[in-house]
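Trainee: Got a structure for you, questions after.
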Amino acid sequence: MAIYAIGDIQGCYPELQRLLEKLRFDPASDKLWFCGDLVNRGGQSLETLRLVHSLRDSSVVTLGNHDLSLLAIGQRKQDAQARVNPELREVLFAEDAPTLLDWLRTQKLLHHDESIGWTMVHAGLAPSWTLKQAQRCALEIERELDSPRHPRLLKNLFGNRPAAWTSRLQGIERMRASINTLTRMRFCDVNGRIDFEGKGAPGTQKPGMYPWFEVPGVRKRDTRIVCGHWSALDRFAGIGVYGIDTGCVWGGKLTALRLDCEESQYITVNAEPHRKRLPGGD
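Positions 1 to 282 (full-length UniProt numbering) are the ones given, in order, by the sequence shown.
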């Protein structure tokens with residue numbers, strides 16, 4: 001049995017197929033953790049969703065910002081859906097779209113496995129959060145997305161305010177702040193205020209901003225954290241954090257990290273030749 005975390009796929013279906021072949025993935029005994037951003041920009045989001053959905057009994061997914069965006073677009077009227085990019089239109093107007101979107105909506109914002117000492121999230125955790133606080137915030141969103149109230153949350157999903165999570169927040173604002181932290185954060189200040197514009201590598205941020213895992217006074221958590229979202233960070237390991245968004249959609253690599261062993265084991269495949277290397281991304 002093996003457990004692998006896989007970084008941002010973003011519709012890069014051929015690379016995912018090649019990576020699973022390289023892993024010799026056996027759904028009868030192995031487990032996959034997907035760090036989020038399954039869709040958008042890679043060209044084959046529908047095929048990617050269908051493949052991950054077919055592996056749902058042997059996988060765990062944490063939602064990324066692109067996945068949540070797709071769910072929000074799915075709540076719009078058809079004429080509005082018809083104006084989004086062709087790749088997402090293919091998903092939205094597919095015969096099995098209701099099945100795929102209903103399944104996607106019930107996925108996690110954070111996954112923790114005490115038995116192996118790993119936690120997975122798409123982007124990061126607020127500097128003030130303990131693991132239990134992060135789990136509670138994620139669970140609030142998961143329950144809302146899995147309830148009849150989910151259209152209201154998805155309609156009010158977008159926005160950079162509030163820029164920092166605090167315990168005083170309530171309702172939609174609280175959930176939006178949690179979503180921004182869990183799925184969009186790279187740099188933030190000591191109060192957890194997110195810089196939504198900063199997408200470069202560490203060292204390129206504005207004064208007073210830090211990588212979310214290096215903020216002075218950040219809470220210590222008795223877990224290793226695997227995440228994606230930050231292609232400019234590339235493959236990263238330090239301070240108990242393992243970043244595995246290696247920019248496949250931008251011409252980099254698609255990366256898997258084996259979690260059920262002492263030594264870090266990375267397995268990668270190169271992006272398809274037609275993908276051009278570009279800086280940044282989200």
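Ideal Cβ placement from N, Cα and C applies to all residues, glycine included.
Which of the three DSSP states is assigned to Asp57 in this structure?
Mentor: Asp57: helix per DSSP, three-state reduction.
Trainee: As a quick exercise: from Leu19, Gly171, Gly42, pick the residue whose alpha carbon is nearest that of Arg11.
Mentor: Per the sequence shown, the amino acid found at residue 11 is Gly instead of Arg. Among Leu19, Gly171, Gly42, the Cα nearest to that of Gly11 is on Gly42.
Trainee: Which residue from Ala164, Asp67, Leu63 puts its Cα closest to that of Ala138?
Mentor: That would be Leu63, whose Cα lies nearest to the Cα of Ala138.
Trainee: When you compare each of Glu21, Leu38, Asp57 to Cys248 by their alpha carbons, which one comes out closest?
Mentor: The candidate whose alpha carbon is nearest that of Cys248 is Leu38.
Trainee: Going by the beta-carbon positions, is the gap between Leu49 and Gly74 smaller than 8 angstroms?
Mentor: Taking 8 angstroms as the Cβ cut-off, Leu49 and Gly74 do not qualify as a contacting pair.
Trainee: Decide yes or no for the touch test of the region 261-269 against the region 155-163: beta carbon pairs closer than 8 angstroms, at least 3 of them.
Mentor: Contact between the region 261-269 and the region 155-163 is absent, because fewer than three Cβ pairs lie under 8 angstroms.
Trainee: Compare the Cα-Cα distances from Leu257 to each of Thr268, Gly251, Trp250 and report the closest residue.
Mentor: Minimum Cα distance to Leu257 is reached at Thr268.
Trainee: Can you tell me whether DSSP reads Val84 as helix, strand or coil?
Mentor: Val84: coil per DSSP, three-state reduction.
Trainee: Fully enclosed by the region 154-185, which beta strand (DSSP E) runs are 3 residues long or longer?
Mentor: List check, beta strand (DSSP E) in window: nothing returned.
Trainee: Would you please state the rounded distance, in angstroms, between the beta carbons of Ile225 and Gly240? I believe it to be under 8 angstroms.
Mentor: The pair is a contact, with the Cβ atoms about 6 angstroms apart (cut-off 8 angstroms).
Trainee: When we look at the beta-carbon of His274 and count the other beta-carbons within 10 Å, is it buried (16 or more) or exposed?
Mentor: Flag for His274 reads exposed.
Trainee: Specify the secondary structure class of Asp195 as computed by DSSP and reduced to three states.
Mentor: Note: Asp195 maps to strand in three-state DSSP.
Trainee: Among the residues of its own chain, which have a CB less than 6 angstroms from the CB of Gly200, if the five just before and after it don't count?
Mentor: Same-chain partners within the cutoff: Ala232.
Trainee: Do Ser58 and Asp30 come within 8 angstroms of each other at the CB atom, strictly closer than that value?
Mentor: Yes. Within cutoff.
Trainee: Do Val190 and Pro216 have their C-beta atoms closer together than 8 angstroms?
Mentor: Yes, they are a contact pair.
Trainee: What separation, rounded to the nearest whole angstrom, lies between the Cα atoms of Leu125 and Gly251?
Mentor: C-alpha separation (whole angstroms): 27 angstroms.
Trainee: Just the C-alpha distance for Leu71 and Leu104, rounded to the nearest angstrom, thanks.
Mentor: Roughly 8 angstroms separates the two Cα atoms.
Trainee: Taking only the alpha-carbon atoms, compute the straight-line gap between Ala28 and Gln205 and give it to the nearest angstrom.
Mentor: Computed Cα separation, rounded: 44 angstroms.
Trainee: For residue 309 versus Leu131, is the C-beta distance shorter than 8 angstroms?
Mentor: As displayed, the chain neither begins before 1 nor continues past 282, which places residue 309 out of reach and without an answer.
Trainee: Skipping 5 residues on each side, what residues in its chain have a beta carbon closer than 7 angstroms to that of Gly117?
Mentor: Excluding residues within five positions, the ones whose Cβ falls inside 7 angstroms are Thr223, Arg224.
Trainee: Report all residues from its chain with a CB closer than 6 angstroms to the CB of Ala163; omit the five preceding and five following residues, and keep chain order.
Mentor: Within the same chain, Ala163 has close Cβ partners Arg193, Ile194.
Trainee: Exposed or buried, what is Thr99 when buried is set at 16 or more other beta-carbons lying within 10 Å of its beta-carbon?
Mentor: Thr99 should be labelled exposed.
Trainee: Using DSSP with H/G/I as helix, E/B as strand and the rest coil, what is Arg50?
Mentor: Reduced to three states, the DSSP call for Arg50 is helix.
Trainee: What separation, rounded to the nearest whole angstrom, lies between the Cα atoms of Phe25 and Glu15?
Mentor: About 14 angstroms.
Trainee: Return the chain-ordered list of same chain residues with a C-beta closer than 7 angstroms to the C-beta of Ala82, the five sequence neighbours on each side being excluded.
Mentor: Answer for Ala82: Arg89, listed in chain order.
Trainee: Find the nearest neighbour of Asp234 within the set Gln135, Thr246, Leu32, Glu21, judged by alpha-carbon distance.
Mentor: Ranking the options by Cα distance to Asp234, first place goes to Thr246.
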